[in-house]
Amino acid sequence: AAAQEIKLTGQSTHPPTANLHLIFELWAKTVEEMTAGRVKIETLPAGAIVPPFEVFDATSRGVLQVGMGAFGYILGKSPVTIPLSHGPLFGMDGNDFAGWYWEGGGYELLNEFFQNEVKLNVVGFHVPTDYPQGLGWFKQPIKSLDDLRGMKYRIYGIGAETFKALGVSVVTLPGGEIVPALERGVIDGAEWINCAEDKKLGLDDVAKNYYAPGMHEPVTGGHLMINRDVWEKLPADVKKIMEVAIVYATVRRNHKFVLEGAEACRELIAEGVNLYRTPESILKNFLDQWEKISAGYAAQNPLYKKVIDSQKAYAEKIVPYRLSWYPDYEWVGSYYWKDKVYAKPVE
Amino acid sequence: MSNEILGIVLLVGLLTGIFAGFPIAFTLIILSIVFGWIGFGDSVFYLMVFQTIGLMKEETLAAVPLFVFMGHILQQAGLMERLFRSFQLILAPVRGSLYLGVLFTATVFATATGIIGASVTVMGMMAAPAMIRAGYDPKLSAGAIAAGGTLGILIPPSVMLVVLGPVVGVSIVKLFAAALIPGLLLSALYIAYAMVRCYLDPSVGPPLPREMWPKSAVEVAKEFFSGVVPLAVVIFAALGSILFGIATPTEAAAMGAFGAFLLTLAYGRFSLARLKEACLDTLETSSLVLFLAVASNIYGAVFTRLGTSRMIADWLVTLTFDPTIMLIVLMVLIFVLGWPLEWPAIIFIFLPIFLPAVQSMKIDPVWFSTLVAVNLQTAFLSPPVAMAAYYLRAVAPQWELAWIYRGMFDFMVLQVIGLVIVFLFPEVALWLPRVLFGS
Amino acid sequence: MNVATQHFPESADPGAPPFLVRLVVTIDRFTARSGTLFAYIIVPMVLAVVYEVISRYVFARPTIWAYDVTYMLYGTHFMLGAAYALLRGAHIRTDMFYQNWSDRTKGLVDAFLYLVFFFPGMLFFFLMAWQEFVHAYDIGERSEASPWRPLIWPFKGVIPAAALLLLVQGVSEFVKSAWAALTGRRLV
Ligand code: NA
Ligand code: NA
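Protein chains in written order, with the working numbering: chain W, 56 to 402; chain Z, 252 to 690; chain L, 471 to 658.
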């Protein structure tokens, strides 16, 4: 049959300059190139056709044929979104996490999640990105959980849930209110993504103490979805091209993201931002508390338990192996670059 | 018929439907459904629901009913009009004193909130009755309130700049700084225009008749402290709580409503019957304002999904111009698109297409964004989808829509003058961000 | 002045069939009463937000629930109020031509547009919103906005409810316009 042109309309949950959206664009461009222009995918930013929080439902209902989003946007649909998108991941990083999806049974569980748990009529691809994420910006320096407890801190998702349980004054604010609220002192601290993305938002203009890492989102589980009816009608070669292209777009964009993050952090420091390593005690408190909350979800939701058991089993193979076999990143890194580390430890 | 052409037919259908006089909200909804369905099938029905749920979850828009409630409580107690009557009494000999009051209050409102639905309705409730009673020209009055009310979308904080920043890739805080002076400049232009009109023709803003002038300084002081101060304290406390970092705009609106309630208690004007009336009036006003916003969002989304705007933009990008001409063409286009559309549709669809061209021409993104923002503010004022006019009409039913449109037109001309000033003198936008944040 | 006193039957057109008058009066009264109920939603909305501000600013203890409660009350308030606004004739019209028409012409245009614009639009609105509501109920959907995470399907149920209320009030408005179109007189 003659090659028929396929036109698809897609939208993401993110603004046009966000890394997640750039992966989306690169994917569409790659698909178009690989099909010699046979497949054209429109990649609209958040809000163009549906509001960002409705992208998943809209793709399922066919309002969008393609959707790109982070599972945080449908956290309310099911707690299983937490381990499927960002963990904490039992010590795995974004790369290991992608490994779990491809080699550890993640895709089978993802399918089960879409079909039975949240009943969305989509086919999805995991897009690990924006990792790792910082703890956020604070007007005053913090040394311990107690300092954090005295502050009004804007954070989202399980970060909010866990810090709230730890007695921190967690504030919920819509995205657009974060910068004005921090500037005027409605809040004392706010979490967003990393040096590059936070700089785009202008957080460096309203606070000067920046802490990394956080434990609430070791990776952002982005998600590329195609409406299932649309997917089933696609020719086999296009399906394969789409799958290959998302892996390619994610890997390529993520390398850039690391580079951009490094440059942005250096620029922030040059303009007077204090970049600190988050005190380990805060991270430990966080994980201790999170594991309790997570156990509660596991007791209530069988699929949640199934997913974290599967991840744990995979992490148990990978993480101890990496600890045993890979050179210690900190040791070998410090051997060469000890004097160049950006972040200051909290003294 | 291609989808893109269908979008143009949608525009024509919109004009016909709207001018037949059927409620605009329902006209927008049905036209979106019909054309969406022809263009891209059944999914248009769901699109409608997603847009609705999205607007219902916008916590920032809760400020609309809350500010409206504040207004109705004060209105029920007769305190709202009193503010502007007192203001006029104090400035008795001055022509057009109420324009001054309206535009000044609107500017303060704009520095505290970014939600025009709230500021136009509240300004309308406060000032329209006083302006009508004082025999002010309805067109100029309506224009001043509508245009003044839309300043909030330009003067920071502004939802529009928050959305625009990431699209253009400029820090939102820098955009805030860049938009401040142009916003204040427009406010000054509005005031100057209204005052000159009154100077040339006192009948558009007559001074208080001589026999009503206050007899003594004591009377003025009394009126000031009893009529202006308490209410001004409530309103400015609400807005001040935003500026001083105590509250978000939504919270400030609730604090304002609560403060208004306390004020009616203090004035001995509280009764359950009045509270009930205030609640019912609030329901009526905010339902029509927000339901219309839902309808306008659905319409904008269908228009986007049809791809008409992309077609126009793609075609334009293929033409090559010298950068200045290109920028002027772009500004004219955004201005024209603002008539049938509101700002989100324009920001999401047009800007991303033109951005590569703008970037390759080495145009300063902060300056460019400011031009776009000033330009987009006119979208609220331009019929047939002119939200500011509808919101004002909702609280000032005595004013015909045709008058409101006519009055807004003059202010749109001022808006264009403001745009030209920012265009010719980029420093108007660039000076403050440079001083605050370096180059 | 807000209760629709003009809709009591005493003012009804004497030539009108009683069942028609009764239908319109019953619907209008229902919308006025339910609207009064929805109007009071603004009061807990104010109190919830004021409580949050005081709790956060004075005691540095933000609540976990205020954010969700605020938008849920706000969304419920204006959506359910849309039918009341229709009863009150509040939804804005472009009246440049409309206002110069006779009651009969207005009735004719309105009756026609209620049939071709209003009912189909609101019917689809209801049907689709109902499906989304059922889906949300089915998966026990919660809010994702804050760590409080309350159930959100009742909130999604507000949309079909609002569409239904609008459809009901639309019947009354249609009958009123059709009567004016036929007779040139007001029904009630
Ligand atoms: Na503003
Ligand atoms: Na417009």
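Beta carbons are placed, not taken as given, at the ideal position from N, Cα and C, and that holds for glycine.
Residue i burial status per 10 Å Cβ neighbour count (16 or more: buried)
{"i": "Z/L643", "result": "buried"}
{"i": "L/I524", "result": "exposed"}
{"i": "Z/L696", "result": "It is not possible to answer for residue 696 of chain Z, since the shown part of chain Z is limited to 252 through 690."}
{"i": "Z/Q649", "result": "exposed"}
{"i": "Z/G400", "result": "buried"}
{"i": "L/M566", "result": "exposed"}
{"i": "W/V105", "result": "buried"}
{"i": "W/V387", "result": "exposed"}
{"i": "L/G485", "result": "exposed"}
{"i": "W/N249", "result": "buried"}
{"i": "W/A215", "result": "buried"}
{"i": "W/D151", "result": "buried"}
{"i": "L/R526", "result": "buried"}
{"i": "W/N166", "result": "exposed"}
{"i": "L/F489", "result": "exposed"}
{"i": "Z/T358", "result": "buried"}
{"i": "Z/W594", "result": "buried"}
{"i": "L/V604", "result": "exposed"}
Simplified DSSP state of residue i, which is helix, strand or coil
{"i": "Z/W650", "result": "coil"}
{"i": "L/T546", "result": "helix"}
{"i": "L/Q476", "result": "Confidence in L/Q476 is poor, its pLDDT being 45 and thus under 50, which makes the residue's placement unreliable; the coordinate value appears in the next sentence. Helix at L/Q476."}
{"i": "W/E272", "result": "coil"}
{"i": "Z/A369", "result": "helix"}
{"i": "W/M206", "result": "coil"}
{"i": "W/V177", "result": "strand"}
{"i": "W/L228", "result": "coil"}
{"i": "Z/V260", "result": "helix"}
{"i": "Z/L543", "result": "helix"}
{"i": "W/N309", "result": "helix"}
{"i": "W/K294", "result": "helix"}
{"i": "Z/T555", "result": "helix"}
{"i": "W/E326", "result": "coil"}
{"i": "L/M566", "result": "coil"}
{"i": "W/T184", "result": "strand"}
{"i": "W/H278", "result": "strand"}
{"i": "W/A245", "result": "strand"}
{"i": "W/T90", "result": "coil"}
{"i": "Z/L632", "result": "coil"}
{"i": "Z/F475", "result": "helix"}
Contacting residues, own chain, Cβ-Cβ under 6 Å from residue i (five flanking each side not counted)
{"i": "Z/I493", "result": "A363, P500, A503"}
{"i": "W/D243", "result": "K194, M206, K207"}
{"i": "W/P70", "result": "P100, A101"}
{"i": "Z/P634", "result": "Y656"}
{"i": "Z/E678", "result": "none"}
{"i": "W/G185", "result": "Just to set this straight, residue 185 of chain W is Asp in the shown sequence, not Gly. Cβ within range, chain order: N74, I248, T275."}
{"i": "Z/L262", "result": "P591"}
{"i": "Z/M382", "result": "L349, S392"}
Beta-carbon proximity list for residue i, same chain, < 8 Å, skipping 5 on both sides
{"i": "L/L493", "result": "V641, S642, V645"}
Ligand 3 heavy atom lying under 8 Å from the CB of residue i
{"i": "L/F500", "result": "With respect to ligand 3, the structure offers nothing, as its ligand set consists of ligand 1 and ligand 2."}
Neighbourhood of residue i by C-beta, 7 Å cutoff - its chain only, sequence neighbours within 5 removed
{"i": "Z/T621", "result": "A429, A430, P433, V673, A680"}
{"i": "W/C320", "result": "C250, L330, Y397"}
{"i": "Z/V345", "result": "P458"}
Closer than 8 Å between beta carbons: that is the criterion. Which residues of the region 125 to 136 of chain W meet it against chain L?
G127, Y128, I129, L130, G131, K132, S133
If the cut-off is 9 Å on Cβ atoms, which residues from the region 249 to 275 of chain W count as contacting chain Z, listed in chain order?
K254, K255, L256, G257, L258, D259, D260, V261
Residues from the region 170 to 181 of chain W in contact with chain L, defined by Cβ distance under 8 Å:
E172, V173, K174
May I ask you to list, following chain order, the residues of the region 137 to 166 of chain W that have a beta carbon less than 9 Å from some beta carbon of chain Z?
none
Of all the alpha helix (DSSP H) runs that stay within the bounds of the region 313 to 385 of chain Z, which reach a length of 4 or more residues?
314 to 327, 330 to 341, 348 to 363, 367 to 384
Residues of the region 361 to 390 of chain Z whose Cβ lies closer than 7 Å to any Cβ of chain L, in chain order
none
Which residues, in chain order, does the region 614 to 648 of chain L contribute to contact with chain W at a C-beta distance below 7 Å?
E614, A615, S616, P617, R619, I622
Given a limit of 7 Å on CB to CB distance, which residues of the region 279 to 309 of chain Z reach chain W?
S294, Y297, L298, F301, Q302, I304, G305, K308
At a Cβ cut of 7 Å, what residues of the region 499 to 531 of chain Z count as close to chain L, listed as they run along the chain?
T501, E502, A505, M506, A508, F509, E528, C530, L531
Determine which residues of the region 96 to 128 of chain W have a Cβ less than 7 Å from any Cβ of chain Z, and write them out in chain order.
L99, P100, G102, A103, I104, V105, P106, F108, E109, D112, A113, R116, G117, V118
Please give the ranges of any beta strand (DSSP E) in the region 113 to 149 of chain W, keeping only runs that are unbroken, at least 3 residues long and fully inside the region.
121 to 125
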